[in-house]
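All residue numbers for the sequence shown refer to the numbering used here, where the first residue is 579 and numbers rise by one. The beta carbon of each residue, even a glycine, is placed where N, CA and C say it ideally should be.
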Amino acid sequence: MIQVFKPYYDNEEIEAVAEVIRSGWVGLGPVTAQFEKEFAKFCFVEYCIGLNSCTAALDMALRLLGVNHGDEVIVPTITFVSTAHCVAYNLATPIFADIEADTLNIDLEDVARKISARTKAIIPVHYGGRPVDMDRLKEMAGDIPIVEDCAHACGSRYQGKPVGGLGDIGCFSFHAVKNLAMGEGGAITLNNEEMQSRAKRLRWLGIDRGTWDRTSMDRSYWWEYSVNEIGLKSHLNDIQAAIGLVQLKKLEKANMRRRQIVDMYRKGLNAIEGVQMPPEDGGDFISAWHLCEIKAEKRNDLSVFLRNKGINTGVHYKPIHLYPCYGNRPTLPAAENVFPKLLTIPLYPDLSNDEVGLIIDAISDFYK
Numbered sequence: 579m580i581q582v583f584k585p586y587y588d589n590e591e592i593e594a595v596a597e598v599i600r601s602g603w604v605g606l607g608p609v610t611a612q613f614e615k616e617f618a619k620f621c622f623v624e625y626c627i628g629l630n631s632c633t634a635a636l637d638m639a640l641r642l643l644g645v646n647h648g649d650e651v652i653v654p655t656i657t658f659v660s661t662a663h664c665v666a667y668n669l670a671t672p673i674f675a676d677i678e679a680d681t682l683n684i685d686l687e688d689v690a691r692k693i694s695a696r697t698k699a700i701i702p703v704h705y706g707g708r709p710v711d712m713d714r715l716k717e718m719a720g721d722i723p724i725v726e727d728c729a730h731a732c733g734s735r736y737q738g739k740p741v742g743g744l745g746d747i748g749c750f751s752f753h754a755v756k757n758l759a760m761g762e763g764g765a766i767t768l769n770n771e772e773m774q775s776r777a778k779r780l781r782w783l784g785i786d787r788g789t790w791d792r793t794s795m796d797r798s799y800w801w802e803y804s805v806n807e808i809g810l811k812s813h814l815n816d817i818q819a820a821i822g823l824v825q826l827k828k829l830e831k832a833n834m835r836r837r838q839i840v841d842m843y844r845k846g847l848n849a850i851e852g853v854q855m856p857p858e859d860g861g862d863f864i865s866a867w868h869l870c871e872i873k874a875e876k877r878n879d880l881s882v883f884l885r886n887k888g889i890n891t892g893v894h895y896k897p898i899h900l901y902p903c904y905g906n907r908p909t910l911p912a913a914e915n916v917f918p919k920l921l922t923i924p925l926y927p928d929l930s931n932d933e934v935g936l937i938i939d940a941i942s943d944f945y946k
């Protein structure tokens with residue numbers, strides 16, 4: 579069976595994990611600190627805080643911005659539910675914006691219509707890896723903070739700059755299927771020193787010094803610490819960070835292979851009536867291509883047909899405003915019209931040219 583996603587690992591990740599295990603320290607520690615330093619450099623920002631998921635990162639970002647009861651946060655409706663859930667976690671109201679039918683990114687004109695006196699933040703999602711037009715968004719947002727959801731976009735670039743440092747806070751996912759995959763993991767990226775210090779406390783239950791820091795101190799009563807506010811236990815650990823350091827070195831090569839595969843799909847599928855490929859890279863927008871999301875007529879039938887041929891597919895995503903917990907009220911026409919056609923086809927660095935050819939042939943056969 580050809581999978582939709584597959585991690586890009588080899589012996590280098592295995593040896594990196596083994597080295598951490600042999601060191602005797604596998605929790606939050608020096609390897610995590612090294613990954614944070616390297617990833618901040620990669621994103622052209624001052625600080626990176628390693629966390630256990632992008633969900634934790636989004637929740638942390640809104641907490642750092644003071645989002646609370648009575649506030650509104652604008653989010654796109656086509657994204658993973660974490661983008662909206664993090665707003666609810668902070669007792670605020672997610673305001674769902676429609677999407678652009680071609681890019682599947684948040685519709686900036688709809689964002690402008692939905693900004694109000696209660697808008698405390700805007701969360702654009704770089705869907706599938708394609709960057710949002712951040713200059714336009716920042717112009718309309720004014721002083722409203724922007725939290726970039728970069729879960730799909732590790733290695734994406736906007737106007738030559740990496741995502742994650744284009745707004746006030748960037749949020750990344752290092753989940754098992756992501757471009758930089760640790761199994762689980764996430765991070766926030768930012769340039770605010772005060773927020774960085776607070777985030778380090780909040781990810782460790784509000785404790786002002788982590789265990790590694792305390793054991794490394796040359797002082798009496800090294801075990802002492804203070805807790806000035808309540809936080810969660812949402813930190814990264816050194817095993818995850820060790821994998822991340824190896825993955826970071828491979829990321830550009832891996833993303834380049836993803837682009838090659840998408841180009842092959844484009845050449846093979848463009849002529850098929852009933853299939854529409856996502857927009858090409860170019861100009862200000864360079865995608866990391868986490869997803870290759872086609873728009874396909876008879877999507878459900880095609881998905882079953884491909885599965886019977888040994889090819890898995892997925893759908894990313896059902897519009898969040900249609901879930902029961904968010905009211906299930908159809909109000910966003912672009913998202914509602916495009917959702918029945920969305921289909922994610924396999925995309926990962928180890929997908930062979932022969933396998934890409936099989937997928938193209940199978941899709942072509944379906945539409946004959």
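Cβ pair residue i, residue j closer than 7 angstroms
i, j, result
"ALA675", "PRO654", "yes"
"ASP786", "ARG776", "no"
"LEU783", "LYS811", "yes"
"LEU840", "GLU591", "Note that residue 840 corresponds to Val in the displayed sequence, not to Leu. Cβ atoms of VAL840 and GLU591: not closer than 7 angstroms."
"ALA913", "ILE656", "yes"
"ASP928", "VAL604", "no"
"ASP746", "ILE724", "yes"
"PHE752", "CYS728", "no"
"ALA754", "VAL598", "no"
"VAL949", "ALA699", "It is not possible to answer for residue 949, since the shown part of the chain is limited to 579 through 946."
"PRO1030", "ASP649", "This structure leaves residue 1030 out entirely; the chain is present only between 579 and 946."
"ASP862", "TYR736", "yes"
"ILE580", "ILE889", "yes"
"GLY763", "GLN818", "yes"
"GLY733", "ASN833", "yes"
"HIS813", "LEU606", "yes"
"CYS621", "PRO740", "yes"
"LYS584", "TYR843", "no"
N-terminal and C-terminal residue of the alpha helix (DSSP H) that residue i is part of
i, result
"ILE726", "Per the sequence presented here, residue 726 reads as Glu, with Ile not at that position. That residue, GLU726, is in no alpha helix (DSSP H); its beta strand (DSSP E) goes 725-727."
"CYS632", "632-642"
"PRO608", "608-620"
"LYS778", "771-780"
"ASN944", "What sits at residue 944 in the sequence shown is Phe, not Asn. Start and end: 931-944."
"TYR667", "660-667"
"ALA679", "ALA679 -> no alpha helix (DSSP H), and no H or E assigned at all."
"ALA719", "712-719"
"ILE592", "589-601"
Alpha carbon of residue i to alpha carbon of residue j, nearest angstrom
i, j, result
"ILE766", "GLU726", "9 angstroms"
"GLU875", "ILE923", "14 angstroms"
"ASN589", "HIS899", "43 angstroms"
"VAL582", "THR891", "6 angstroms"
"ASN848", "LEU643", "44 angstroms"
"ALA940", "ALA666", "42 angstroms"
"ILE850", "LEU682", "21 angstroms"
"PHE883", "SER804", "59 angstroms"
"SER881", "LYS873", "12 angstroms"
"LYS828", "TYR904", "39 angstroms"
"HIS647", "ASP685", "26 angstroms"
"ARG885", "GLY935", "16 angstroms"
"ILE693", "ALA662", "16 angstroms"
"PHE658", "LEU636", "12 angstroms"
"ASP859", "LYS716", "22 angstroms"
"ASN931", "GLU871", "19 angstroms"
"ASN770", "ALA618", "12 angstroms"
"MET855", "HIS868", "14 angstroms"
"PRO672", "GLY602", "43 angstroms"
"ALA695", "ALA719", "12 angstroms"
"LEU562", "THR697", "Beyond the ends of the chain as shown, which are 579 and 946, falls residue 562; an answer cannot be given."
"GLU678", "ALA596", "45 angstroms"
"CYS632", "HIS730", "10 angstroms"
"ASP688", "VAL609", "43 angstroms"
"TYR586", "ALA759", "8 angstroms"
"GLY761", "ALA634", "15 angstroms"
Beta-carbon separation (whole angstroms), residue i vs residue j, contact threshold 8 angstroms
i, j, result
"VAL645", "ASN630", "Rounded, the Cβ-Cβ distance is 20 angstroms, inconsistent with contact."
"GLY809", "ARG781", "7 angstroms"
"GLY706", "SER942", "Not confirmed; about 23 angstroms, so no contact."
"PHE917", "LYS887", "Contact doesn't hold; Cβ gap of about 24 angstroms is too wide."
"GLU614", "GLY628", "5 angstroms"
"ARG877", "LEU921", "5 angstroms"
Opening and closing residue of the beta strand (DSSP E) in which residue i lies
i, result
"VAL651", "650-654"
"THR767", "764-768"
"ILE817", "Where ILE817 is concerned, there is no enclosing beta strand (DSSP E), although the alpha helix (DSSP H) it sits in stretches over 816-847."
"PHE674", "671-675"
"PHE883", "Careful: PHE883 lies outside any beta strand (DSSP E), inside the alpha helix (DSSP H) at 877-886."
"LYS584", "Careful: LYS584 lies outside any beta strand (DSSP E) and carries neither H nor E."
Any non-hydrogen atom of the ligand FMN within 6 angstroms of residue i CB
i, result
"LYS831", "Among the ligands in the structure shown, none appear at all, so the ligand FMN cannot be discussed."
Per DSSP, the bridge partner or partners of residue i
i, result
"CYS732", "DSSP, once it has assigned bridges, lists no residue as partnering CYS732."
"VAL703", "ASP727"
"TYR625", "LEU768"
"THR697", "GLU650"
"ILE521", "Residue 521 lies beyond the stretch modelled for the chain, which goes from 579 to 946, so this question has no answer here."
"PHE863", "TYR736 and GLY860"
"ILE923", "CYS870"
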